[in-house]
Amino acid sequence: MIQNAAIRVLKSADVILSEDTRHSGKLLQFYNIKAQLLSYHKFNEAQREQAVLTRLKQGEIVALISDAGTPGISDPGTQLAKICAKENIDVIPIPGACAVVAALSASGLDTDEFTFVGFLPKHSGTRKARLIVSSNETRTQIFYVPPHKLSQFLEETTPYFGESRQCVIAREITKLHEEFWRGSIGEAKEEFLIRQPKGEITLLIEGKEETKAENPTESQLEEELKGLISDGHSLSTAVKTVAERTSMRKKEVYSLALKKFGKQIQVEDEADE
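Residue 630 in my numbering sits at position 81 of the sequence shown; the count goes up by one each step and never skips.
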């Protein structure tokens, strides 16, 4: 599905940047669009930037499209938009189907507030820290999940969200085989253990019920601190971040950090003197 506005922009462009030129080439051929087509993906963004910037400064129209979804939303484009903004070059969005918003609007889950997490980090410590934070949010949590990893993802999230939390699994949104599956995380584990879905998947999990703020367990805090430190944050920054994300005072988190990572804190303190 493509809007008329998008077709007009593509026809007026001097060059079109595409995540996959083979995929996009078929679309351009169908609409008889003759603009130059260049690949632009996470592996060559940095190399393309200067050449694209030069063309823009020369007055050319550059269009950016992604295989599915919206450029810059878990897809290439964020860095290019940032550079253009810095150089005072207009960046004009052409709104289209966005899996996050489309899935949320039809999910039946709370839409007043939500957190778009996207794809989880690959590093296990950082993944755990992210899941701890997400599972304690009262807002609807939205993830992108590769179809072949859905069953594994559901198993991974269960210790944090529990089996009774409601979820919605949306796939192939706006396409021929669009599907919305609704149920608990426990039911989803059973369902998708016996069938592997195809296509782009958006997983939505309902937020935690608002009750009296519960402090994370000591093991959860330790995992989150570990994840942040593994991600390159200093211990003091990790303590501050964890305290802000929970109902705990910074002093309490620091006390735990002192117990678990005492030697490292001492080294930092000596370095600060």
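Built from N, CA and C at the ideal position, the CB exists for glycine as well.
Note that the structure is predicted; figures quoted are calculated from it, not measured.
Write down the C-beta distance between residue i and residue j rounded to the nearest angstrom, noting that I regard them as a contact closer than 8 Å.
i	j	result
Ile734	Arg714	5 Å
Ile722	Thr751	7 Å
Leu774	Ala787	5 Å
Leu784	Ile778	6 Å
Ala584	Ile565	5 Å
Pro765	Asn685	7 Å
Glu598	Thr687	So it is not a contact: roughly 39 Å between Cβ atoms.
Phe741	Ser700	5 Å
Lys738	Glu704	7 Å
Lys677	Gly608	Not confirmed; about 49 Å, so no contact.
Cys647	Gly674	Wrong, their Cβ atoms sit about 30 Å apart, outside the cutoff.
If we call anything under 8 Å between Cβ atoms a contact, is residue i one with residue j?
i	j	result
Leu658	Leu753	yes
Gly667	Tyr693	yes
Ile681	Glu772	yes
Leu613	Leu602	no
Phe665	Ile691	yes
Ile632	Ala562	no
Pro644	Tyr589	no
Arg720	Gly748	yes
Asp616	Asp661	no
Gln745	Pro696	yes
Val717	Ser656	yes
Leu605	Ile638	yes
Ile790	His782	The question names Ile, yet the displayed sequence has Thr at residue 790. Going by C-beta atoms, Thr790 is nearer than 8 Å to His782.
Give me whichever residues DSSP pairs with residue i in a beta bridge.
i	result
Ser588	Ser567
Phe810	According to DSSP, which records beta bridges pairwise, Phe810 is partnered with nothing at all.
Thr664	Gln690
Quick check on the DSSP output: the alpha helix (DSSP H) that includes residue i runs from which residue to which?
i	result
Arg597	594 to 606
Phe825	Shown here, the chain extends from 550 to 822; a query on residue 825 therefore has no answer.
Val649	648 to 656
Glu704	699 to 710
Thr627	627 to 635
May I ask which residues mark the beginning and end of the beta strand (DSSP E) holding residue i?
i	result
Thr689	689 to 694
Ile582	Element bounds for Ile582: n/a, residue is neither H nor E.
Ala719	715 to 720
Ala612	611 to 614
Ser623	Neither: Ser623 is in no beta strand (DSSP E) and is coded neither H nor E.
Glu728	728 to 733
For residue i and chain B, any beta-carbon pair shorter than 8 Å?
i	result
Ala584	Chain labels in this structure do not include chain B; a single protein chain is all it has.
I want to check one thing, is the minimum distance from the CB of residue i to the heavy atoms of the ligand ADP below 7 Å?
i	result
Phe729	Questions concerning the ligand ADP fall outside what the structure shown contains, since it holds no ligand whatsoever.
Continuous beta strand (DSSP E) assignments of at least 3 residues falling wholly in the segment 742 to 791 | With a minimum length of 3 residues, the unbroken runs of beta strand (DSSP E) contained wholly in the segment 742 to 791 fall at 750 to 754.
Run through the segment 550 to 580 for me and flag every whole beta strand (DSSP E) of 3 or more residues, listed as ranges in chain order.
-> Here the runs fully enclosed are 564 to 567.
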